[in-house]
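Engineer:
Residue numbers (full-length UniProt numbering): 1 to 779.
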């Protein structure tokens, strides 16, 4: 069906402004969109493969036939009332926000299947030559390719294993360890496996226990764990009192508390200064081995953070405290200061194997160099194309320069991908080859056939979420499992609309991470407070938020309550009468309070614009929006709020929605993860995981790649953009069978440009004249 009754107006799918599609879909889910013939509630859908459409429940051929006549009538632009089925229908109307061309010509764009050449690696694979242990593995269905076997039986000397996405890395690592313990008869207590996550360490141990031939070997002496856990065991063994657990600063809020002590002295407002970003910067400096005295600040933010860093280290030293980064720097200093102790650990770690070597930081690198200096039996496994943790201090140059530090090193490249189909791998290769500093390699899938990757073009974040969830629901109805689906996005804020749509759809899902509920964010609460007060000027919580926005002490709230009772006025009206206000506060209150009641009569999107321009919210966010935070600014939150507001036609319905979403979010945290669930997460959180079907949201400039990387590029720093490209590569290679990439036309209320990665995955290069790749083993 192309026509329906909405708010007692006859609407046509081709005449509804695209900005209002989501409003129509939401209203239909509440039974508020009706069949124009029988007036029964009908469904409205927007999907990846189709624009707005109406669907009559059941097979009502009469209604469908009559609706088709109405649709033709509307197409003739005859707007006179229509007599139909015994009653007179109102004239048709185009749902539009205004009369400008921009508001009424958001044309639907069909999705695009990206055709790529497929190449299978199966015909090029060589079976390894015979070896007793290799034959033993074959008999137990653990066969290895020639490159994999090369990595397994190379046990002495430095070894670089370049393990591309889905190349069977864990199988190789565990088989190599088993080979060393059995065939080479290396004692377990001379071998250490270092990983970056506790989960990875446990998985390695679990797989080792299932491998054949290890039943007679006691694996308890084999050390497998994260850098932090292994370094901490060394510290607590030799300097027990100094490194007791009760001295550890585990929580960020405790660390921030120390910084804020110095911040007050420096005059920093804890509501505006990005203390979380400062902590991240301090961690990076420490992981690079830099003391406060060795750092030259690059901008005012770094200058302030440097002062906080100095104070932070002084307080920790005075109180005998330490943080997680200190475990690494402490271990390095201990080994450097004790040659005899270092020699003992060089014997203990005669064979060292490090997983995810592309994520190593300078301090970890220095410790590894010390431990392996005597025997040089260092095996590192990683993929420079998947180095995505620069914000934690990781440095991919160590894997790129491995053969500089170990000229005698052997390099083995694992290029067979066992996870994804050939079209997906080809697509990923076309993107990542645009990076300048990388080992030369090209992944090849062992699965030649597969679905072509899909690009789809929603209007904005709201339509993106609706279309994505509609597509997932359709596949679930066809028998797919929720566990087969993952939706990835660059930052948590980019998943807000998706989270809401999944909650409304009743599709079981799990949201990774413990991020703050969107409508509970500080700047969002402030904006909503204005709207709440327009409906209820005695809303105490909203009044408190308004007081905070105007820097009025919260202790004055009780005085406002007394005034409202004594003067028989609302709490809102009592604010200008408070004693002790500064003149600018009193003037601002007298200006904005009379305007607040009018907000409830506006559409939410218009109300938000008014309270920003006329009621002081924009000024507040500018001063207190953590605009120094390079990844998450308060002004971005407000833009996201505007996008959310567009699907509502009244302030009250928008507030009800916000409260409902917040309550549902809290309920989800209490209920735990469903057994069968769609996974939604950031690309960073997806690292190491795999899914049958993957959706990648927000592939536009400023989204993926992130705004910050583009700002750095304009300053001549390309490494940030290269990491964003690696993020796209990681996202693509999570998919086993299908991948769909969303390219919204608008992002945060502004016209968006397709990500440069979209052009690259279609084979269009963006290489500067200095572009060069690094052949494997030859940086």
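We treat Cβ as the ideally placed atom computed from N, Cα and C, and that holds for glycine. Note that the structure is a prediction, hence the values are computed from the model and not measured.
1) Could you spell out where the alpha helix (DSSP H) holding residue 634 opens and where it closes?
2) Which residues mark the beginning and the end of the beta strand (DSSP E) in which residue 721 is found?
3) Evaluate residue 404 with the Cβ neighbour count: other Cβ atoms within 10 Å of its Cβ, from every protein chain shown; 16 or more gives buried, anything less gives exposed.
4) Which residue spans inside the region 523-565 form an unbroken alpha helix (DSSP H) run of at least 4?
5) Per the DSSP calculation, residue 747 is bridged to which residue(s)?
6) So, are the CB atoms of residue 213 and residue 178 less than 8 Å apart?
7) If contacts are defined as beta-carbon pairs under 8 Å, then residue 676 and residue 483 qualify, I think. What distance do you get, rounded to the angstrom?
8) If you draw a straight line from the C-alpha of residue 527 to the C-alpha of residue 658, how long is it?
9) What did DSSP end up calling residue 231 once you bin it into helix, strand or coil?
10) Under three-state DSSP, which class holds residue 387?
11) Tell me the rounded alpha-carbon separation between residue 355 and residue 454.
12) Look at the alpha carbon of residue 197 and the alpha carbon of residue 547, and state the distance between them as a whole number of angstroms.
13) Buried or exposed for residue 566, going by 16 or more other Cβ atoms inside 10 Å?
14) Could I get the ranges of all uninterrupted beta strand (DSSP E) runs contained in the region 281-349, with 3 residues as the minimum, in chain order?
15) Quick check: the Cα distance between residue 330 and residue 235, rounded to an integer number of angstroms?
16) Take every Cβ of the region 711-727, pair it with every Cβ of the region 665-681, and state whether three or more of those distances are shorter than 8 Å.
17) What residue range is occupied by the uninterrupted beta strand (DSSP E) comprising residue 43?
18) Who are residue 738's beta bridge partners in DSSP?
19) If we cut at 8 Å on Cβ distances, does residue 614 have a partner in chain B?
20) Is residue 640 near residue 748, with beta carbons less than 8 Å apart?
21) Below 6 Å CB to CB, which residues in the same chain sit around residue 289 once its five sequence neighbours on both sides are set aside?
22) So is residue 300 buried or exposed if we call it buried at 16+ other beta carbons inside 10 Å?
23) Under a Cβ-count criterion, where at least 16 other Cβ atoms within 10 Å of its own Cβ denotes burial, should residue 553 be classed as buried or exposed?
24) On the three-state DSSP scale, how would you describe residue 394?
25) Entirely within the region 407-488 and at least 4 residues each: give me those alpha helix (DSSP H) ranges in chain order.
26) Any chance you could list the alpha helix (DSSP H) runs of at least 4 consecutive residues sitting entirely within the region 136-163, in chain order?
27) Closer than 6 Å by C-beta to residue 738: which residues in its own chain qualify, once you throw out the five before and the five after it? Chain order, please.
28) I'd like to know if the region 273-286 and the region 222-235 are in contact, where contact means that at least 3 CB-CB pairs between them fall below 8 Å.
29) Expressed to the nearest angstrom, what Euclidean distance is found between the alpha-carbon atoms of residue 586 and residue 592?
30) Since residue 351 is in the alpha helix (DSSP H), which residue starts that stretch and which ends it?
31) Would you grab the beta carbon distance between residue 442 and residue 429 for me? Rounded to a whole angstrom, and I think it's under 8 Å.
32) Determine the extent of the beta strand (DSSP E) in which residue 4 is found, giving its start and end residues.
33) Which residues mark the beginning and the end of the beta strand (DSSP E) in which residue 24 is found?
34) At what residues does the beta strand (DSSP E) containing residue 368 begin and finish?
35) With a 10 Å radius around its C-beta and 16 neighbouring C-beta atoms as the bar for buried, classify residue 147 as buried or exposed.
36) Taking three-plus beta-carbon pairs below 8 Å as touching, is the region 463-476 in contact with the region 418-438?
Structural biologist: Checking against the coordinates, here is how it stands:
1) Looking up residue 634 in the chain shown gives position 634. Segment 634-645, the alpha helix (DSSP H) holding residue 634.
2) For this step, residue 721 is matched to residue 721 along the chain shown. Unbroken run through residue 721 is the alpha helix (DSSP H), 719-732; no beta strand (DSSP E).
3) Taking the chain shown and counting its residues from 1, one reaches residue 404 at position 404. Classification for residue 404: exposed.
4) 540-549
5) Within the chain shown, the letter at position 747 stands for residue 747. DSSP output for residue 747 lists 750 as bridge partner(s).
6) Working through the chain shown from its first residue, we reach residue 213 at position 213. Working through the chain shown from its first residue, we reach residue 178 at position 178. In this structure, residue 178 lies closer than 8 Å to residue 213 by Cβ.
7) If you number the chain shown from 1, residue 676 lands on position 676. If you number the chain shown from 1, residue 483 lands on position 483. Going by Cβ atoms, the distance from residue 676 to residue 483 rounds to 6 Å, so yes, they are a contact pair.
8) Sequence index remark: in the chain shown, residue 527 carries index 527 (1-based). Sequence index remark: in the chain shown, residue 658 carries index 658 (1-based). Cα to Cα, the separation comes out at about 12 Å.
9) For this step, residue 231 is matched to residue 231 along the chain shown. Correct three-state label for residue 231: helix.
10) Numbered from its first residue, the chain shown carries residue 387 at position 387. It is coil, neither helix nor strand.
11) Numbered from its first residue, the chain shown carries residue 355 at position 355. Numbered from its first residue, the chain shown carries residue 454 at position 454. Each residue's alpha carbon lies about 33 Å from the other.
12) Walking along the chain shown from the start, residue 197 turns up at place 197. Walking along the chain shown from the start, residue 547 turns up at place 547. Distance between the alpha carbons of residue 197 and residue 547: 44 Å.
13) Your numbering for residue 566 matches position 566 in the chain shown. It counts as exposed.
14) none
15) As a first step, residue 330 is located in the chain shown; it is residue number 330 there, counting from the start. As a first step, residue 235 is located in the chain shown; it is residue number 235 there, counting from the start. Those two C-alpha atoms are separated by around 8 Å.
16) no
17) Position 43 of the chain shown, counting from 1, holds the residue named residue 43. Taken as a continuous stretch (DSSP letters only), the beta strand (DSSP E) holding residue 43 covers 43-45.
18) For the purposes of this step, residue 738 is taken as residue 738 along the chain shown, with counting starting at 1. According to DSSP, which records beta bridges pairwise, residue 738 is partnered with 693.
19) Looking for chain B here will not work: only one protein chain is present.
20) For the purposes of this step, residue 640 is identified with residue 640 of the chain shown, where counting begins at 1. For the purposes of this step, residue 748 is identified with residue 748 of the chain shown, where counting begins at 1. Yes; because the gap between Cβ atoms is below 8 Å, this pair is in contact.
21) The residue you call residue 289 lines up with position 289 of the chain shown. Contacts found: 362 and 363.
22) Within the chain shown, numbered from 1, the residue matching residue 300 stands at position 300. Under this definition residue 300 is an exposed residue.
23) Within the chain shown, the letter at position 553 stands for residue 553. By the neighbour-count rule (16 or more Cβ atoms within 10 Å), residue 553 is not buried but exposed.
24) By one-based count along the chain shown, residue 394 stands at place 394. Three-state DSSP puts residue 394 in coil, outside helix and strand.
25) 422-432 and 461-477
26) 146-153
27) Along the chain shown, read from residue 1 onward, the residue named residue 738 stands at position 738. Once the five neighbours on either side are set aside, the close Cβ partners of residue 738 are 451 and 693.
28) no
29) What you label residue 586 is simply residue 586 of the chain shown in a count that begins at 1. What you label residue 592 is simply residue 592 of the chain shown in a count that begins at 1. Each residue's Cα considered, the two are about 10 Å apart.
30) Here the question's residue 351 lines up with position 351 in the chain shown. Residue 351 -> not in any alpha helix (DSSP H); beta strand (DSSP E) instead, spanning 351-354.
31) Taking the chain shown and counting its residues from 1, the one referred to as residue 442 is at position 442. Taking the chain shown and counting its residues from 1, the one referred to as residue 429 is at position 429. About 6 Å separates the two Cβ atoms, so the contact holds.
32) Here residue 4 refers to the residue found at position 4 of the chain shown. Per DSSP, residue 4 belongs to the beta strand (DSSP E) from 3-6.
33) To locate residue 24, count along the chain shown from 1; it is residue 24. Segment 21-29 is the alpha helix (DSSP H) holding residue 24; no beta strand (DSSP E) there.
34) Stepping through the chain shown from its first residue, residue 368 is reached at position 368. That residue, residue 368, is in no beta strand (DSSP E); its alpha helix (DSSP H) goes 362-372.
35) Here residue 147 corresponds to residue number 147 of the chain shown, with the count starting at 1. Flag for residue 147 reads buried.
36) no
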